[in-house]
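Single-structure report; data block below.
Residue numbers (the numbering used here): 259 to 508.
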């Protein structure tokens, strides 16, 4: 009873959210030092700071700003959760004629952890369909010594996928281009009637599906890889911005 008398619910909630905000910002700062430059890291810092500032200045904020702040937090939470839930629902059958593996960051010549997870899923796919044509798609970024496609091919061959099954697509610099250029390769190799699956992170599946359709690849199935927890918030926040941009400028 004494504990309940001394318990301040509002103060406790504020302390919890303050801790969450600081933790999220620190994750974003840490990612700046261990990953290639990307806007997701800054969005993570910014998202954490919004929470911190809301907590610190809550009593001084106008009602409209409080409402806006809460609305933004709810919107981001719903959107990020929806992207992750959608992406975890795989539709791949392992009977597809081809699989497109979407590129991600390469550190020098080494695939990033995110890209390795996509490639490990590709190895799984290959073991279930050894006849599939595998298109590894991704150009060379500013902080990369070789193209993402080249790094992907090396990784796959080192993990048991025959070189004859792999085709490199080294021009793409966006998700849409991943599918556009990969389709050109597959059209030339397989003709018109073929089926395709694609592999990427769970949070990326929704927009990737839209881009595949926009590039002319109808009924593409998908196979997700789970994102490492330390990179998940950064990745999904960046993806939220990319989804909004897609619908505005498509």
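The beta carbon of each residue, even a glycine, is placed where N, CA and C say it ideally should be.
**Message:** I want to know whether the segment 351-365 touches the segment 382-399 - three or more CB-CB distances under 8 Å.
**Reply:** yes
**Request:** Can you give me the start and stop residues for the beta strand (DSSP E) that residue 479 sits inside?
**Result:** 479-483
**Asked** What residue does the alpha helix (DSSP H) around residue 386 start on, and which one ends it?
**Response** 371-386
**Asked** Taking the alpha-carbon positions, what's the residue 307 to residue 371 distance?
**Response** 26 Å
**Message:** Is it buried or exposed, residue 396, if we count other Cβ atoms within 10 angstroms and call 16 or more buried?
**Reply:** buried
**Message:** With a threshold of 6 Å on Cβ separation, who are the neighbours of residue 288 within its own chain once the five nearest residues in sequence on each side are excluded?
**Reply:** none
**Message:** Along the chain, where does the alpha helix (DSSP H) containing residue 324 start, and where does it finish?
**Reply:** 321-345
**Per DSSP, cross-strand counterpart(s) of residue 360** = 395
**Request:** For the beta strand (DSSP E) containing residue 455, list its first residue and its last residue.
**Result:** 454-459
**Request:** Let me know the secondary structure DSSP gives residue 365 once reduced to three states.
**Result:** strand
**Asked** Considering only the beta carbon of each residue, do residue 475 and residue 344 sit closer than 8 Å?
**Response** no
**Asked** Any idea if residue 330 is buried or exposed, counting beta-carbon neighbours within 10 angstroms, 16 or more meaning buried?
**Response** exposed
**Message:** Helix, strand or coil for residue 411? Go by DSSP, reduced to three states.
**Reply:** helix
**Interface flag, residue 282 vs chain B, CB-CB below 8 Å** = Looking for chain B here will not work: only one protein chain is present.
**Message:** Taking the beta carbon of residue 408 as the centre, do at least 16 other beta carbons fall within 10 Å, making it buried, or is it exposed?
**Reply:** buried
**Asked** From residue 414 to residue 442, what does the alpha carbon distance come to, in whole angstroms?
**Response** 22 Å
**Asked** Comparing alpha-carbon positions, which option in 340, 419, 448, 458 lies nearest residue 436?
**Response** 458
**Asked** Which first and last residues belong to the beta strand (DSSP E) in which residue 427 is found?
**Response** 424-427
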